[in-house]
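These notes concern the structure reproduced below.
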Amino acid sequence: MSPVTLSRYLIEQTRSNNTPADLRFLIEVVARACKAIAHQVQKGALGGVLGSMGTENVQGEVQKKLDVLSNEILLEANEWGGHLAGMASEEMDNAYQIPGKYPKGAYLLVFDPLDGSSNIDVNVSVGTIFSVLRCPDQYLSQNDALNEQAFLQPGTQQVAAGYAIYGPQTMLVLTLGNGVIGFTLDRELGSFVLTHEDIQVPQTTAEFAINMSNQRHWEEPVKRYVDELLTGQDGPLGKNYNMRWIASMVADVHRILTRGGIFMYPRDAREPSKPGKLRLMYEANPMSFLIEQAGGASTDGRQRILDIQPEGLHQRVAVFLGSKEEVERVTGYHQ
Ligand code: AHM
Ligand code: MG
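Following the numbering used here, the numbering of the sequence shown begins with 16 at its first residue and continues without gaps.
Okay, structure coming up:
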C-alpha cells in the first residue's frame, strides 16, 4: 500500500471531517517549516548553528542561535499564505503582525519554535510546539494591527495543536480535535508519512518525570506525591516507579504519548510571582490538547489546563500531564 503522507491525510480529513481547506494549508505550511528546522538542527556544528546568540528573550532566557533561526523559519513560512491573522512566539515579546502586503486569514498561530534549547548543544532531542486558534471576528481586520487580546483564549478553543520532535527520527504529532496521529519524516520522499494512528496514553503508569533538583522549592502536595513515588513498593502506592527526565518537554511528552507516564513541572517558591516555568499558550495548552485527545489528563494541580483563561501571551503555568490515574492522584492532593 502506498504511504499516507501528511498531505493525503489532511485532504482525507477535509472530506470526512470537514477540516477547512485553509486549516489544512496552515498545517502543511507549519510541517514544511518544521522540515526546514529539522534540517538546520541536524547540521549542528557543521552548519555553525550551535551556541548562543548573546541576546535574551522576553522571559530573560539566553537565546540560542537555533531558537532565533527556528523562529524566523516559522514566521517566513507562515506570513504570506493568507491563512493567518497573526502569530505569537516564545521568542518575541509581542504578537507578530502579518505584513501589510499580504492578505490576512482566519487563524492565529502560537509556537515555541525550538523547545528544550538547553539540549541543543548536547545533541539531545528538541522540538517545535504549536497551537492553532481561530481569530475572534471582532479582531479580524485587513487594515488594523492585530490586538493581542485576540490570542487570549482558553486552550479548549484550539482547533489544532502538535509538535515536531527532532530526535533519532523527525516526527510530527498532531491533533485536529479528533484523536492524535503521528507522522515520521521520510527523508528520501521529503514527506511526513503516517506511522502512528490513534495514539493513546495508557491510563496507568509506573514512570514519572520531574526536575528533582527543585524539590526543596515545591509545594506540599507535590512533595507528598513524589515522596510516595520514591517509597515505591513499601509506600502507600504499593509499586515501584522509574524516573525519566530529558529536560525537553517535547521529548518527555513524546515518551508519555508512546508508553505512558506522568510529567510534572510544578509551581515552586523560587520566583513566587511565576506559577511554574512552562508557558501556557505555546507549551502547556498544545501539549494538554494532545494528551487529552490521547485519553490522558492535564492539570495545573488545581484545574484543567485547557480551561484556564489566559491573561498574557507569555503567562506561566504549573503542569501535571500524562496517564490519567497519576494526574488525578496528584491533582487530588492539591485539593
Ligand atoms: P525552553 O522553552 O526555554 O526550552 O524551556 C522549556 C524547557 C522544557 O522543554 C523542559 O521541560 C524544561 O524547560 C526544563 O527546564 P529545567 O531543566 O530548567 O528545569
Ligand atoms: Mg519551550
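Backbone N, C-alpha and C define an ideal beta-carbon position, used for all residues, glycine too.
Threonine 143 - partner residues in DSSP beta bridges = In the sequence shown, the residue the question calls residue 143 occupies position 128. For threonine 143, which the question treats as bridged, DSSP gives the partners Ala179.
Where the beta strand (DSSP E) through tyrosine 280 begins and ends = Within the sequence shown, the letter at position 265 stands for residue 280. Looking at the DSSP string, the run of the beta strand (DSSP E) that includes tyrosine 280 is 277 to 280.
Simplified DSSP state of tyrosine 111, which is helix, strand or coil | Here residue 111 is taken as the residue at index 96 of the sequence shown, counted from 1. Of the three classes helix, strand and coil, the one that applies to tyrosine 111 here is strand, per DSSP.
C-beta contact flag for alanine 103 and methionine 296 at 8 angstroms | Counted from its first residue, the sequence shown places residue 103 at position 88. Counted from its first residue, the sequence shown places residue 296 at position 281. Cβ distance < 8 angstroms, so alanine 103 and methionine 296 count as in contact.
Reduced DSSP secondary structure (H/G/I, E/B, other) of threonine 29 = The count along the sequence shown starts at 1 and reaches residue 29 at position 14. Looking at threonine 29 - three-state DSSP - the assignment turns out to be helix.
On the DSSP bridge assignment, give the partners of aspartate 130 in chain order.
-> Sequence index remark: in the sequence shown, residue 130 carries index 115 (1-based). For aspartate 130, which the question treats as bridged, DSSP gives the partners Gly142.
Could you give the C-beta distance for lysine 254 and alanine 221, rounded to a whole number, given that I count them as a contact under 8 angstroms?
-> For the purposes of this step, residue 254 is taken as residue 239 along the sequence shown, with counting starting at 1. For the purposes of this step, residue 221 is taken as residue 206 along the sequence shown, with counting starting at 1. About 6 angstroms separates the two Cβ atoms, so the contact holds.
Between phenylalanine 335 and lysine 116, what straight-line distance do the alpha-carbon atoms span, to the nearest angstrom?
-> By 1-based counting over the sequence shown, the position of residue 335 is 320. By 1-based counting over the sequence shown, the position of residue 116 is 101. Distance between the alpha carbons of phenylalanine 335 and lysine 116: 43 angstroms.
In this structure, does DSSP put leucine 167 in helix, strand or coil?
-> Mapped onto the sequence shown, residue 167 falls at position 152. DSSP places leucine 167 outside both helix and strand once states are collapsed to three, so it counts as coil.
So alanine 176 packs on serine 146, CB below 8 angstroms; how close in whole Å?
-> If you number the sequence shown from 1, residue 176 lands on position 161. If you number the sequence shown from 1, residue 146 lands on position 131. Confirmed, about 5 angstroms.
Take glycine 310 as the anchor and find which of Ser156, Glu340, Glu298 has the nearest alpha-carbon.
-> Mapped onto the sequence shown, residue 310 falls at position 295. With distances taken between Cα atoms, glycine 310 lies closest to Glu340.
Cβ neighbours of glutamate 212 in the same chain (closer than 7 angstroms, five flanking residues each side left out) | For this step, residue 212 is matched to residue 197 along the sequence shown. The residues are Ile196.
Going by alpha carbons, who is nearest to isoleucine 214 out of Gly205, Leu204, Asn72, Phe198?
-> Within the sequence shown, numbered from 1, the residue matching residue 214 stands at position 199. Nearest of Gly205, Leu204, Asn72, Phe198 to isoleucine 214, Cα basis: Phe198.
What are the boundary residues of the beta strand (DSSP E) that includes glutamate 71?
-> As a working mapping, residue 71 is identified with position 56 in the sequence shown. It spans 67 to 71 - the beta strand (DSSP E) in which glutamate 71 sits, taken as one unbroken run.
Are the CB atoms of valine 125 and proline 236 nearer to each other than 8 angstroms?
-> As a first step, residue 125 must be located in the sequence shown, where it is residue number 110. As a first step, residue 236 must be located in the sequence shown, where it is residue number 221. Cβ atoms of valine 125 and proline 236: not closer than 8 angstroms.
Would you say aspartate 127 touches ligand 1, meaning its beta carbon is less than 7 angstroms from a heavy atom?
-> Against the sequence shown, residue 127 aligns to sequence position 112. Yes, since a heavy atom of ligand 1 falls inside the 7 angstroms radius drawn around the Cβ of aspartate 127.
Name the DSSP bridge partner or partners of arginine 331?
-> Here residue 331 is taken as the residue at index 316 of the sequence shown, counted from 1. For arginine 331, which the question treats as bridged, DSSP gives the partners Arg294.
When burial is assigned at 16 or more other CB atoms within 10 Å of the CB, is valine 77 buried or exposed?
-> Walking along the sequence shown from the start, residue 77 turns up at place 62. It is exposed - the Cβ of valine 77 has fewer than 16 other Cβ atoms within 10 Å.
Do threonine 190 and glutamine 308 come within 8 angstroms of each other at the CB atom, strictly closer than that value?
-> For this step, residue 308 is matched to residue 293 along the sequence shown. For this step, residue 190 is matched to residue 175 along the sequence shown. In contact: glutamine 308 and threonine 190 (Cβ atoms closer than 8 angstroms).
Leaving aside the five residues before and after arginine 47 along the sequence, list all residues of the same chain whose C-beta is less than 7 angstroms from its C-beta, in chain order.
-> If you number the sequence shown from 1, residue 47 lands on position 32. Same-chain partners within the cutoff: Ala92.
Aspartate 136: CB within 7 angstroms of a non-hydrogen atom of ligand 2 | As a position in the sequence shown, residue 136 is number 121, starting the count at 1. Checking the Cβ of aspartate 136 against ligand 2 gives no.
How would you write the range of the alpha helix (DSSP H) that isoleucine 306 sits in, first residue to last?
-> Numbered from its first residue, the sequence shown carries residue 306 at position 291. Per DSSP, isoleucine 306 belongs to the alpha helix (DSSP H) from 300 to 308.
Taking Cβ positions, are valine 208 and isoleucine 271 nearer each other than 8 angstroms?
-> As a first step, residue 208 must be located in the sequence shown, where it is residue number 193. As a first step, residue 271 must be located in the sequence shown, where it is residue number 256. For valine 208 and isoleucine 271, no; Cβs fall outside 8 angstroms.
Continuous alpha helix (DSSP H) assignments of at least 4 residues falling wholly in the region 73 to 108 = Segments of the alpha helix (DSSP H) lying fully in the region 73 to 108: 80 to 94.
8 angstroms Cβ cutoff met for isoleucine 52 and leucine 25 = Counting from 1 along the sequence shown, the entry for residue 52 is found at position 37. Counting from 1 along the sequence shown, the entry for residue 25 is found at position 10. Contact: no.
Inspect the beta-carbon positions of glutamate 234 and arginine 282 and report whether they are closer than 8 angstroms.
-> If you number the sequence shown from 1, residue 234 lands on position 219. If you number the sequence shown from 1, residue 282 lands on position 267. In this structure, arginine 282 lies closer than 8 angstroms to glutamate 234 by Cβ.
Quick one: residues with CB closer than 5 angstroms to any heavy atom of ligand 1, in chain order, please.
-> Asp130, Gly131, Ser132, Asn226, Ala262, Ser263, Met264
Can you name, in chain order, every residue of its own chain whose Cβ lies under 8 angstroms from the Cβ of tyrosine 111, other than the five neighbours on each side?
-> As a working note, residue 111 is residue 96 in the sequence shown. Leu90, Glu94, Gly101, Met102, Ala103, Ser104, listed in sequence order.
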